[in-house]
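In the order they appear, the protein sequences are chains A and B. With the first letter of the first sequence counted as 1, position 22 gets the number 22 in the numbering used here; the numbers rise by one all the way through. With the first letter of the second sequence counted as 1, position 42 gets the number 42 in the numbering used here; the numbers rise by one all the way through.
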Amino acid sequence: VDAVLKEHLERVTGVDWAPNSNRIVTCAGDRNAYVWNFQPETGEWQPCLVLLRINRAATYVRWSPQEDRFAVGSGARLLSVCYFDPENNWWVSKHIKKPIRSTILCVDWHPSNYLLAVGSCDFKCRVFSAALKELSDKPETSAWMPRLSKFGTLLAEFSTTSGWVHGVKFSPSGNKLAWVSHDSSVNVVDMNSQDKILTLLTSFLPYTCVLWLSEASFAAAGHDNCPDLYNVSSDEVVYGARLDIKKEKTTDSNMSAMARFQKLDDLGATETGTKLYTTHVNCITEMRVVATTGDKIKKFSTAGKDGKLVIWEVDALCSKIAGLKI
Amino acid sequence: MSKNVNSTQFRTVDVDAYDEDQYEDDARDDESGVQEVADRASQVKQLLNQTKSKDALKLALQNPPLGHKDSNVKQQNYETVLSVLKSFRAQEIDAAVEDLSNVEVDVLMKYLYKGFTANPDKSASLLLWHERAVKKGGLGSIIRVMVDRKGV
């Protein structure tokens with residue numbers, strides 16, 4: 001253990017590390033967020049309190065691509081976008097409230113640094129403008145933002161059939177938006193055809209997080225304890241493969257005939273299906289990129305409720321699983 | 001004794017209507033499905049009489065009256081579906097479920113769970129349907145029954 005960042009009074013619900021500016025932001029159920037700056041002389045992380053001005057717990061936090069601001073989702077049905085005010089030497093928060101009607105579960109920044117996608121418990125995925133004139137933002141119009149819009153403007157609203165939106169992610173170019181919701185669906189929309197939402201109702205348990213592995217494929221992971229690959233074309237989202245293949249142990253052949261029939265009599269089956277064949281043994285809650293070469297993702301990690309952190313190598317998966325297209 | 005002359009009009013105010021925290025579903029109060037449900041009921045009956053059970057099943061699972069204001073309409077459709085399900089023999093269920101599309105499997109699941117809650121003791125045949133439907137639709141189809149805000 002390198003350092004313990006102890007400041008929060010309640011359960012820490014979100015962490016994000018900005019790689020270029022080397023700052024960590026954490027948010028917790030105590031309705032606060034802290035930005036941690038590393039002091040090389042002492043080797044310690046110095047916390048700086050951020051006043052989010054929310055009256056419910058914070059649920060999720062993400063640095064923007066250029067690391068000059070971060071967005072905090074909360075149970076107060078609003079999003080806090082915070083930026084540093086050098087005059088007063090503190091972090092200021094601005095709220096995006098309308099028309100979010102329930103707890104925010106996930107947030108993702110667009111590569112342009114001023115667009116935000118938000119997934120919440122009111123079964124909707126929305127895109128907002130987070131252009132801050134205080135930070136001299138010079139936004140350009142695009143298919144997501146056809147007219148220059150000020151901070152907090154709702155640019156797009158997408159409904160899932162029903163089900164909390166657990167994870168939302170822009171594709172690497174920012175042209176597509178994928179989200180996963182609690183009705184076991186994965187959804188993708190292209191910014192150029194926003195009324196055509198590509199939905200796939202899966203037969204698996206719901207996903208909690210999603211990560212684009214390339215412009216045409218993404219991995220989703222959740223309550224089935226392992227990541228699944230999905231391929232995206234212009235008209236549909238197609239299931240690719242399950243990315244976790246552990247060798248399945250053959251059934252216990254040492255069972256005597258009598259034991260077999262006794263088990264059949266007692267349980268109605270000869271094998272008890274309680275063995276898990278996945279690397280994670282409980283729900284996966286986060287997926288992050290670990291290494292990239294150019295714009296291709298080489299490694300990604302998953303963390304779950306079983307306390308495990310697993311790193312997946314894309315090339316190794318491609319060779320292990322026949323016909324995998326990323 | 002003193003008489004209360006102050007106005008008690010405030011007691012008639014609906015406080016909940018002014019509560020900005022209250023969540024309301026996107027309204028979709030369907031009033032149009034009544035005729036369709038009645039038509040479907042008679043058509044399904046015809047198909048069952050001609051022992052075209054698979055076709056009857058597919059028809060019964062079309063366009064359910066989700067979230068309809070009138071519970072009689074929902075009840076009628078439910079009875080239509082149930083009559084079809086009961087007309088199948090155990091061996092035929094497999095083939096019938098195989099033919100269904102993913103959307104139809106989801107609708108079938110919704111009606112199965114409605115059947116479970118309506119008659120918890122007499123659901124043996126429905127359990128058989130459930131097993132086959134899960135084989136086809138997976139756990140996702142069950143999740144969608146739980147998550148659905150507009151009941152079937």
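We treat Cβ as the ideally placed atom computed from N, Cα and C, and that holds for glycine.
Secondary structure at residue 116(B): helix, using DSSP grouped into helix, strand and coil. By the rule that beta-carbons nearer than 8 Å mark a contact, residue 139(B) touches chain A. A residue is called buried once 16 or more other Cβ atoms fall within 10 Å of its Cβ, and residue 135(B), having fewer, is exposed. DSSP places residue 80(A) in the strand class (E or B) of the three-state scheme. Contact of residue 202(A) with chain B by beta-carbon distance below 7 Å involves 140. For residue 75(A), the secondary structure class from DSSP, reduced to helix, strand or coil, is coil. The criterion of a C-beta distance shorter than 8 Å is not satisfied by residue 139(A) and residue 111(A).
Residue 69(B) has its alpha-carbon roughly 43 Å from the corresponding atom of residue 114(A).
Assignment of residue 130(B) by DSSP, reduced to helix, strand and coil, places it in the helix class. With respect to residue 5(A), residue 63(A) sits apart: the two C-beta atoms are not nearer than 8 Å. Under a criterion of Cβ atoms nearer than 8 Å, the residues of chain A adjacent to residue 23(B) are, in order, 101, 102, 122. Just so you know, the alpha carbons of residue 314(A) and residue 20(B) end up roughly 47 Å apart. Within the same chain, Cβ atoms closer than 6 Å to the Cβ of residue 47(A) are found at 7, 34, 36, the five residues on either side in sequence being excluded.
Interface residue (Cβ-Cβ distance to chain A less than 8 Å): residue 147(B) is classified as such. Assigned with DSSP and collapsed to three states, residue 66(A) falls in coil, not helix or strand. The continuous beta strand (DSSP E) containing residue 293(A) extends over residues 284 to 293.
Closer than 8 Å to the CB of residue 63(B) there is not a single CB belonging to chain A. The shortest CA-to-CA distance from residue 285(A) to any of 278(A), 306(A), 277(A), 265(A) is the one to 306(A). Not a single CB atom of chain B sits nearer than 8 Å to the CB of residue 235(A). Within the same chain, 27, 60, 61 come within 6 Å of residue 14(A) by CB-CB distance, once the 5 residues on both sides are set aside. Note on residue 275(A): under 16 other CB atoms within 10 angstroms of its CB, so exposed under the neighbour-count rule. Listed along the chain, the chain B residues whose CB falls inside 7 Å of the CB of residue 163(A) are 147. With fewer than 16 other Cβ atoms inside 10 Å of its own Cβ, residue 88(A) counts as exposed.
57(B) is the residue among 57(B), 16(B), 123(B), 110(B) whose C-alpha sits nearest the C-alpha of residue 99(B). Within the DSSP bridge table, the entry for residue 205(A) names no partner. Here the C-alpha atom of residue 133(B) lies approximately 9 Å from the C-alpha atom of residue 93(B). Chain-ordered, the chain A residues with CB closer than 9 Å to the CB of residue 102(B) read 201, 203. Around the beta-carbon of residue 32(A), 16 or more other beta-carbon atoms lie within 10 Å, marking it buried. Selection 264(A), 321(A), 225(A), 170(A) evaluated against residue 214(A) yields 170(A) as nearest (Cα-Cα). Between residue 23(B) and residue 122(A), the C-beta gap is smaller than 8 Å, which places the two residues in contact. Judged by their CB atoms, residue 228(A) and residue 261(A) are not nearer to each other than the 8 Å cut-off. For residue 230(A), no alpha helix (DSSP H) segment is defined; the enclosing uninterrupted segment is the beta strand (DSSP E) at 228 to 232. For residue 73(A), the CB contacts under 6 Å within the same chain, skipping 5 residues up- and downstream, are 59, 60, 79, 104, 107 in chain order.
CA-to-CA, the gap between residue 48(B) and residue 96(B) works out to about 14 Å.
Here residue 11(B) carries a helix assignment [DSSP, helix/strand/coil].
Interface annotation, residue 132(B): not in contact with chain A, CB-CB separation never under 8 Å.
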